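Inspection log for the structure reproduced underneath, given as C-alpha cells.
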Amino acid sequence: MSEGEAVATTIVVLARERAEEILEDARRRAEEILEDARRQAREIIEMRRKKAEAEAKEEAARKRSAAEVKARKIVMEAEKECLEEFRRRVLEEIRLVVERRHERYDYREVLRALIGEGLRAMRGRASKVYVLCRREDRGIVEEIISGIRDVEVILDEASVPIMGGVILRNEDDTVRYYNTLEGRVERILEEKASELMRELIGR
Numbered sequence: 374m375s376e377g378e379a380v381a382t383t384i385v386v387l388a389r390e391r392a393e394e395i396l397e398d399a400r401r402r403a404e405e406i407l408e409d410a411r412r413q414a415r416e417i418i419e420m421r422r423k424k425a426e427a428e429a430k431e432e433a434a435r436k437r438s439a440a441e442v443k444a445r446k447i448v449m450e451a452e453k454e455c456l457e458e459f460r461r462r463v464l465e466e467i468r469l470v471v472e473r474r475h476e477r478y479d480y481r482e483v484l485r486a487l488i489g490e491g492l493r494a495m496r497g498r499a500s501k502v503y504v505l506c507r508r509e510d511r512g513i514v515e516e517i518i519s520g521i522r523d524v525e526v527i528l529d530e531a532s533v534p535i536m537g538g539v540i541l542r543n544e545d546d547t548v549r550y551y552n553t554l555e556g557r558v559e560r561i562l563e564e565k566a567s568e569l570m571r572e573l574i575g576r
C-alpha cells in the first residue's frame, strides 16, 4: 500500500464515530416512522373492521409500504452523509500532510511514492516522462526526480491546480497518469464504497 492510500485508509477510524451518530439518528427516525405507521394501521383496521375489513387492510398495507420506503430513504441518505463526512475528513487529513503538519506522514515521502508508482505505470509507454505538480511542490519534485536514473524524467514547465500529488505524461501528452491525492480519495470511495460502509457502520 502506498503512502497516499495509507493516508485515506487510516481516516476510517476518525470517521467511524461521526458515522455511527448519523446512522443511529437515521435508524431512530426510521423506527419512529414505522411505529407511527403501525399505530395508524391498527387504528384504521379497528375503525373500519365492521364496515370494510378488506379495504382497511389494503389501506394499512399501503401506509406500511410508504413508511418502509421513507425509512429506507432516510437510511440511504444517512449512509451518503457518512461517505461525505468520510471524504471531508480524508481531505482535511491530506491538507495537513501537504502542509507538512501531519503527525504521521512526510509529504516528501508521499510524493516520492506517488512518482514511483506513476513511473511504473508509465513503463513501456513513454521514453521520456514529464511530471506535473503544484507550483508549491516544484522544488521537492525536482529534487526527487533528479535521483532517478533508469528513465528520463523531466519536471514539466507547467504547474497544475491540484491539492497534492502528481500527474505524469509522455512527451506528446497522449498518455497521462493521474496520481493526485484528491483523485486517489475519489477512486477509493468509488471502488470501495461498500467496504468503507461496512468499516464505518458495521454493515
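Take the sequence shown: its letters are residues 374 to 576, numbered as in the numbering used here. In this text, a Cβ means the ideal position worked out from N, Cα and C, and glycines have one as well. Keep in mind that this is a model prediction, so the values were computed, not measured.
Listed in chain order, the non-local C-beta contacts of E452 below 7 Å within the same chain comprise M570, local neighbours out to five positions each way being set aside. The C-beta separation of L469 from H475 comes to about 4 Å, placing the pair in contact by the 8 Å criterion. In the DSSP annotation of this structure, the continuous segment of the alpha helix (DSSP H) that includes E516 starts and ends at 511-518. Beta bridge pairing from DSSP links L541 with V504, Y550. Within the same chain, L528, S532 come within 8 Å of R511 by CB-CB distance, once the 5 residues on both sides are set aside. Annotated as proximal: Y503 and L541, with beta-carbon spacing under 8 Å. DSSP, reduced to helix, strand and coil, places D479 outside both helices and strands of the structure shown, so it counts as coil. Here V514 is near V539, since their CB atoms are less than 8 Å apart. Apart from the 5 residues on each side of it in sequence, E525 sits with its Cβ closer than 8 Å to the Cβ of S500, K501, V502 in its chain, given in chain order. The alpha carbon of E482 has as its nearest neighbour, out of R560, R462, G537, K436, the alpha carbon of G537. For A531, the enclosing beta strand (DSSP E) begins and ends at 525-532. Contact check for N552 against L505 fails: the beta carbons are separated by 8 Å or more.
With fewer than 16 neighbouring CB atoms inside 10 Å of its own CB, E457 falls in the exposed class. Taking the Cβ atoms as the reference, A440 lies roughly 5 Å from L407, within the contact range of under 8 Å. Residues of the same chain with a CB within less than 6 Å of the CB of A399, apart from the 5 flanking positions on each side, are I447, V448, A451 in chain order. In the three-state reduction of the DSSP assignment, A499 falls in the coil class.
With respect to the 8 Å criterion, A429 and R421 are classified as neighbours on the basis of their beta carbons.
Annotated as proximal: I417 and A433, with beta-carbon spacing under 8 Å. Around the beta carbon of E466, a 10 Å sphere encloses 16 or more other beta carbons of the protein chains shown; the residue is thus reported as buried. Between L492 and the set E397, E568, R522, the nearest pair of CA atoms involves R522.
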